[in-house]
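**Student:** Have a look at this one before I ask anything.
Number of protein chains: 2
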Amino acid sequence: MVTIAEVARRAGVSPSTVSYVLSGKRSISSATRSRVERSIKELGYHPNAGARALASSRSNVVALMMPLRTDMYLPVMMEIAVAVATTAREHGYDVLLLTGEEGAQAVRRIHGSSRADAMILMDVELDDERLPLLRDAPQPVVLIGRPADPSGLICVDLDFAAAGAACVAHLAGLGHREIALIGEAPAVYERHTGFAERTLAGARGEAAQLGVRMLHRPTEGTYEAVAAQLARIFDERPGTTGFIVQNESAIEPLLSLLRQRGRAVPEDVSVVAVCPEQAALHASVRLSSVALPAQELGRRAVERVMDRLSGRTCEQLDLLEPALTQRGSTGPAAAPGS
Amino acid sequence: MVTIAEVARRAGVSPSTVSYVLSGKRSISSATRSRVERSIKELGYHPNAGARALASSRSNVVALMMPLRTDMYLPVMMEIAVAVATTAREHGYDVLLLTGEEGAQAVRRIHGSSRADAMILMDVELDDERLPLLRDAPQPVVLIGRPADPSGLICVDLDFAAAGAACVAHLAGLGHREIALIGEAPAVYERHTGFAERTLAGARGEAAQLGVRMLHRPTEGTYEAVAAQLARIFDERPGTTGFIVQNESAIEPLLSLLRQRGRAVPEDVSVVAVCPEQAALHASVRLSSVALPAQELGRRAVERVMDRLSGRTCEQLDLLEPALTQRGSTGPAAAPGS
DNA sequence: TGCCCGAGTCGAAGCGCTTCGACAGAGTAT
DNA sequence: ATACTCTGTCGAAGCGCTTCGACTCGGGCA
Numbered sequence: 001m002v003t004i005a006e007v008a009r010r011a012g013v014s015p016s017t018v019s020y021v022l023s024g025k026r027s028i029s030s031a032t033r034s035r036v037e038r039s040i041k042e043l044g045y046h047p048n049a050g051a052r053a054l055a056s057s058r059s060n061v062v063a064l065m066m067p068l069r070t071d072m073y074l075p076v077m078m079e080i081a082v083a084v085a086t087t088a089r090e091h092g093y094d095v096l097l098l099t100g101e102e103g104a105q106a107v108r109r110i111h112g113s114s115r116a117d118a119m120i121l122m123d124v125e126l127d128d129e130r131l132p133l134l135r136d137a138p139q140p141v142v143l144i145g146r147p148a149d150p151s152g153l154i155c156v157d158l159d160f161a162a163a164g165a166a167c168v169a170h171l172a173g174l175g176h177r178e179i180a181l182i183g184e185a186p187a188v189y190e191r192h193t194g195f196a197e198r199t200l201a202g203a204r205g206e207a208a209q210l211g212v213r214m215l216h217r218p219t220e221g222t223y224e225a226v227a228a229q230l231a232r233i234f235d236e237r238p239g240t241t242g243f244i245v246q247n248e249s250a251i252e253p254l255l256s257l258l259r260q261r262g263r264a265v266p267e268d269v270s271v272v273a274v275c276p277e278q279a280a281l282h283a284s285v286r287l288s289s290v291a292l293p294a295q296e297l298g299r300r301a302v303e304r305v306m307d308r309l310s311g312r313t314c315e316q317l318d319l320l321e322p323a324l325t326q327r328g329s330t331g332p333a334a335a336p337g338s
Numbered sequence: 001m002v003t004i005a006e007v008a009r010r011a012g013v014s015p016s017t018v019s020y021v022l023s024g025k026r027s028i029s030s031a032t033r034s035r036v037e038r039s040i041k042e043l044g045y046h047p048n049a050g051a052r053a054l055a056s057s058r059s060n061v062v063a064l065m066m067p068l069r070t071d072m073y074l075p076v077m078m079e080i081a082v083a084v085a086t087t088a089r090e091h092g093y094d095v096l097l098l099t100g101e102e103g104a105q106a107v108r109r110i111h112g113s114s115r116a117d118a119m120i121l122m123d124v125e126l127d128d129e130r131l132p133l134l135r136d137a138p139q140p141v142v143l144i145g146r147p148a149d150p151s152g153l154i155c156v157d158l159d160f161a162a163a164g165a166a167c168v169a170h171l172a173g174l175g176h177r178e179i180a181l182i183g184e185a186p187a188v189y190e191r192h193t194g195f196a197e198r199t200l201a202g203a204r205g206e207a208a209q210l211g212v213r214m215l216h217r218p219t220e221g222t223y224e225a226v227a228a229q230l231a232r233i234f235d236e237r238p239g240t241t242g243f244i245v246q247n248e249s250a251i252e253p254l255l256s257l258l259r260q261r262g263r264a265v266p267e268d269v270s271v272v273a274v275c276p277e278q279a280a281l282h283a284s285v286r287l288s289s290v291a292l293p294a295q296e297l298g299r300r301a302v303e304r305v306m307d308r309l310s311g312r313t314c315e316q317l318d319l320l321e322p323a324l325t326q327r328g329s330t331g332p333a334a335a336p337g338s
């Protein structure tokens with residue numbers, strides 16, 4: 001492995017000068033700079049990460065902690081992870097991938113060993129066991145998602161309440177008076193995952209305000225489960241004409257089942273989803289949807305990290321405005337009684 | 001941050017003794033060992049990763065490089081990544097997540113900077129630009145997937161050719177004489193992704209051998225694209241009764257379209273997929289399928305890495321036997337002429 | 001009895017880098 | 001001309017750990 005000393009020797013300068021060329025922390029004459037840079041290029045020099053971390057006590061690594069459960073939204077998680085990795089690289093950082101499995105232990109390990117300079121956590125639960133640890137962490141911590149009490153933490157999230165409300169408002173605006181929200185699996189609500197509960201709350205609030213009747217049905221992502229829920233919904237509320245879906249794997253089953261029942265989308269019933277753009281575009285009907293901006297979330301999380309690492313302050317809570325795009329799956333409610 | 005010196009002082013030993021307790025590289029009396037261990041626990045000591053890496057020239061990190069394109073199989077990639085991270089942890093390693101974006105540059109950077117001790121690459125293309133670099137890498141490299149020339153590289157992969165053959169054999173065994181393979185998007189074949197081509201080759205070979213006529217149709221994962229391809233297939237070969245699908249997002253559209261055309265699965269047509277178990281179980285019909293063992297691939301890749309890191313030799317090519325599970329989507333071909 | 005050996009421990013020398021203080025020399029203000 | 005200030009560079013001191021050689025102390029063997 002080529003070291004800074006070799007680069008220095010070849011350029012006829014001292015190692016510290018090479019270091020200053022690399023870091024830009026002291027001014028260097030352009031003649032020296034270019035000699036050093038040539039030398040670096042010619043030798044194919046890359047600073048040793050360990051030595052650098054030891055000397056500067058900064059590792060240039062951001063740790064990314066995956067959710068404890070990976071039973072949902074895998075593609076979304078993946079997109080976020082890739083966006084985090086890409087954005088981090090733009091800032092000269094690498095990403096350490098941690099699974100939630102080790103829990104709080106992993107947080108301690110990373111902090112204790114200075115393996116990373118900061119930490120991003122995805123999909124933290126409303127009262128996650130790691131929260132106290134994160135609050136007085138020695139390093140910047142950014143959450144993607146929002147716990148019950150976000151005080152002392154930096155959070156980046158889609159405004160799911162607004163997303164839920166937007167869906168209801170959209171349907172209500174089209175004249176739908178009875179709607180159903182097909183949600184994530186029951187387990188997701190049971191473990192108090194923030195985004196699911198917030199969407200529901202936002203939708204309920206808007207429904208109450210607009211005088212729309214709304215049914216909430218948590219649903220597993222299997223075809224059978226969706227079929228069962230759909231049957232129950234039409235049983236209980238035969239007049240249901242609007243659907244909100246927040247469960248990527250329920251989308252296609254739902255569309256398929258509606259077709260089978262002879263309910264045309266959007267003529268007879270309207271469907272609006274909260275899902276990644278990609279999913280909305282790939283469905284058998286182009287879905288009106290509120291986009292789940294996975295990449296944007298990942299990007300912003302890294303940017304908040306960089307803010308903190310460079311001493312800048314930033315918003316505690318960075319809530320993305322949801323954007324509802326109307327496509328082919330929503331339309332005016334059939335005139336009542338017709 | 002607490003250092004090894006503090007641990008040593010508190011335990012009344014020298015730093016080197018603590019180090020030996022930690023590494024087990026020299027024998028330590030059990031009395032000393034337990035004093036040191038208590039001291040470690042009480043102080044909450046974690047060895048500084050940078051210092052350790054510098055002194056030992058081993059970082060205890062495995063780099064995981066994502067595919068260049070993330071236009072497909074996101075959930076599979078994710079599963080692999082999580083399995084890699086989990087398995088690596090079991091061996092005391094962390095995982096550095098790299099995107100393919102930087103290409104060969106990233107490979108050089110990681111090797112040059114000793115940021116990782118080994119590297120795992122996912123979904124390498126048949127003649128990937130990074131291959132030469134990887135061949136004479138200073139560190140163990142393991143590929144998940146298989147390039148055209150795997151010499152000098154360690155590869156872990158599902159035996160996709162066998163998987164393709166198994167699908168054909170399964171359908172042929174049920175009496176189907178005309179089958180269609182609905183494949184990944186054309187772009188995937190164009191960039192010569194190994195698994196797609198191998199599946200096709202395996203299927204073709206088996207079809208030829210068993211005297212089955214087979215059509216290959218690369219297909220985008222949208223509903224429209226699948227609809228168009230299906231129309232073409234039935235146009236060209238109205239007698240087609242068997243389908244092999246190797247494109248996760250085409251599955252549900254296909255099933256839905258067959259339903260619309262009044263072709264019952266599995267009474268009229270049979271469908272067998274190459275996809276993750278999860279996808280096969282969640283589809284609207286329980287799919288007969290060859291499982292894509294994402295977790296197993298990730299786990300094995302890490303194990304090959306550990307083999308190499310500890311000086312063991314291992315198979316150059318670790319091909320997983322495909323397993324076809326018959327579920328509700330395949331059945332005997334209708335008697336000809338009936 | 002003397003010698004050797006292994007077990008258990010310590011001290012010190014780095015690993016490759018950053019960074020601080022020092023310093024030479026050129027420019028600027030007096 | 002003097003006294004500064006800046007700019008550009010160097011040397012040396014660590015950062016916290018691992019590891020090598022050396023040392024001590026008992027026990028076993030001749």
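Line order of the protein sequences matches chains X and V. Residue 254 in UniProt numbering sits at position 254 of the first sequence, with consecutive numbering throughout. Residue 26 in UniProt numbering sits at position 26 of the second sequence, with consecutive numbering throughout. Just so you know, even glycine gets a beta-carbon here, dropped at the ideal spot from N, CA and C. Quick caveat: nothing in here was measured; it's all calculated off a predicted structure.
Return the chain-ordered list of same chain residues with a C-beta closer than 6 angstroms to the C-beta of L133 of chain X, the five sequence neighbours on each side being excluded.
**Tutor:** Once the five neighbours on either side are set aside, the close Cβ partners of L133 of chain X are A104 and V107.
**Student:** Just how far apart, CA to CA, sit G337 of chain V and V95 of chain V?
**Tutor:** Bear in mind that the predicted position of G337 of chain V carries a pLDDT of just 46, short of 50, making it unreliable; the figure below should be weighed with that in mind. G337 of chain V and V95 of chain V: Cα-Cα distance of roughly 58 angstroms.
**Student:** Quick one, which of V:S113, V:G24 and V:Q139 has its alpha-carbon nearest G44 of chain X's?
**Tutor:** Residue V:S113 is the option with its Cα nearest to G44 of chain X.
**Student:** In angstroms with no decimal places, state the Cα-to-Cα distance between A208 of chain X and P67 of chain V.
**Tutor:** Their backbone Cα atoms lie some 47 angstroms apart in a straight line.
**Student:** For C167 of chain X, does the three-state DSSP call read helix, strand or coil?
**Tutor:** Residue state, collapsed to three classes: helix.
**Student:** D157 of chain V: buried (16+ other C-beta within 10 angstroms of its C-beta) or exposed?
**Tutor:** D157 of chain V should be labelled buried.
**Student:** Can you pull out the residues from the stretch 210-224 of chain V whose beta carbon lies closer than 7 angstroms to at least one beta carbon of chain X?
**Tutor:** Cβ contacts with chain X come from G221, T222 and Y223.
**Student:** Going by CA-CA distance only, name the one from X:P218, X:S57, X:S39 and X:Q316 that's closest to L181 of chain X.
**Tutor:** The residue with the shortest Cα to Cα distance from L181 of chain X is X:P218.
**Student:** Quick one: does R89 of chain V have its CB under 8 angstroms from some CB of chain X?
**Tutor:** Yes, because at least one Cβ of chain X sits closer than 8 angstroms to the Cβ of R89 of chain V.
**Student:** Cα separation between V18 of chain V and D123 of chain X?
**Tutor:** If I take the Cα positions, the gap works out to 38 angstroms.
**Student:** Once DSSP output is grouped into helix, strand and coil, what is the label at I28 of chain X?
**Tutor:** Note: I28 of chain X maps to coil in three-state DSSP.
**Student:** Suppose you measure from the CA of V269 of chain V to the CA of R237 of chain V; what does that come to, to the nearest Å?
**Tutor:** Taking the straight line from one Cα to the other gives about 13 angstroms.
**Student:** Going by alpha carbons, who is nearest to S288 of chain X out of X:V76, X:C167, X:N60 and X:R308?
**Tutor:** Checked all of X:V76, X:C167, X:N60 and X:R308; the closest Cα to S288 of chain X is X:C167.
**Student:** Sorted by chain position, which residues of the same chain lie with C-beta nearer than 6 angstroms to A172 of chain V's C-beta, five sequence neighbours on each side aside?
**Tutor:** Closer than 6 angstroms at Cβ, skipping near neighbours: L210 and V212.
**Student:** Going along the chain, which residues of the stretch 109-138 of chain X sit with their C-beta nearer than 7 angstroms to a C-beta in chain V?
**Tutor:** Within the stretch 109-138 of chain X, the residues whose Cβ lies closer than 7 angstroms to some Cβ of chain V are R109, G112, S113, S114 and R115, listed in chain order.
**Student:** Consult DSSP for T19 of chain X and reduce its assignment to one of helix, strand or coil.
**Tutor:** Sequence inspection shows Ser at residue 19 of chain X; the Thr mentioned does not correspond to that position. Helix at S19 of chain X.
**Student:** Tell me the DSSP bridge mates of L317 of chain X?
**Tutor:** In DSSP, L317 of chain X forms a bridge with X:C155.
**Student:** Can you tell me which of the three DSSP states R286 of chain V falls into?
**Tutor:** Three-state result, R286 of chain V: coil.
**Student:** Looking only at its own chain, which residues have a Cβ that is under 6 angstroms from the Cβ of residue 347 of chain X, when we skip the five neighbours before and after it?
**Tutor:** In the structure displayed, chain X extends from 1 to 338; residue 347 of chain X sits before or after that span and is not available.
**Student:** Give the range of the beta strand (DSSP E) segment to which T8 of chain V is assigned.
**Tutor:** The amino acid at residue 8 of chain V is misidentified as Thr; the sequence shows Ala. Here A8 of chain V belongs to no beta strand (DSSP E); instead the alpha helix (DSSP H) covers I4 to A11.
**Student:** Pull up the distance between the alpha-carbon of A264 of chain V and that of L258 of chain V, whole angstroms please.
**Tutor:** When rounded, the distance between both Cα atoms is 7 angstroms.
**Student:** Quick one: grab the DSSP three-state call for T193 of chain X.
**Tutor:** It is a strand residue.
**Student:** In chain order, what residues of the same chain lie with their CB nearer than 7 angstroms to the CB of A283 of chain X, ignoring the 5 residues before and after it?
**Tutor:** These residues qualify, in order along the chain: I251, E252 and L255.
**Student:** Can you list, in chain order, the residues of the stretch 66-83 of chain X whose Cβ is nearer than 8 angstroms to any Cβ on chain V?
**Tutor:** So the list reads M66, T70, L74, P75, M77, M78, E79, A81 and V82, given in the order they occur along the chain.
**Student:** Do you know offhand how far E101 of chain V's Cα is from T86 of chain X's?
**Tutor:** Straight-line Cα distance between these residues: approximately 8 angstroms.
**Student:** What's the C-alpha gap between V285 of chain V and L309 of chain V?
**Tutor:** Spanning the two alpha carbons is a distance of roughly 45 angstroms.
**Student:** Which residues in chain V have a C-beta closer than 7 angstroms to the C-beta of M306 of chain X? List them in chain order.
**Tutor:** Neighbours of M306 of chain X on chain V: none; closest Cβ ~17 angstroms, over 7 angstroms.
**Student:** Can you tell me which of the three DSSP states S249 of chain V falls into?
**Tutor:** Correct three-state label for S249 of chain V: helix.
**Student:** For the beta strand (DSSP E) holding L133 of chain X, just list the boundary residues, first then last.
**Tutor:** It is not in any beta strand (DSSP E) - L133 of chain X instead sits in the alpha helix (DSSP H) that spans L131 to R135.
**Student:** Is the beta carbon of D117 of chain X less than 8 angstroms from the beta carbon of R58 of chain X?
**Tutor:** Yes, the Cβ-Cβ distance between D117 of chain X and R58 of chain X is below 8 angstroms.
**Student:** Taking any Cβ of chain X, which residues in the stretch 170-190 of chain V have a Cβ under 8 angstroms from it, in chain order?
**Tutor:** Those would be none; no residue qualifies.
**Student:** Taking just the CA atoms, how far does A63 of chain V sit from V84 of chain X?
**Tutor:** So the alpha carbons of these two residues sit roughly 16 angstroms apart.
**Student:** Could you name the residues of chain X that L98 of chain V contacts, counting a contact when the two beta carbons are closer than 9 angstroms?
**Tutor:** Ordered by position in chain X, the residues that pass the 9 angstroms Cβ test against L98 of chain V are A85, R89, D94 and V95.
**Student:** Please classify S29 of chain V as buried or exposed, where buried requires at least 16 neighbouring CB atoms within 10 angstroms.
**Tutor:** Under this definition S29 of chain V is an exposed residue.
**Student:** Can you check the stretch 210-275 of chain V for any beta strand (DSSP E) of at least 3 residues that lies completely inside it and give the ranges in chain order?
**Tutor:** List check, beta strand (DSSP E) in window: 213-218, 242-245 and 270-275.
**Student:** Note down the Cα distance separating T240 of chain V from A162 of chain V, rounded to an integer number of angstroms.
**Tutor:** So the alpha carbons of these two residues sit roughly 22 angstroms apart.
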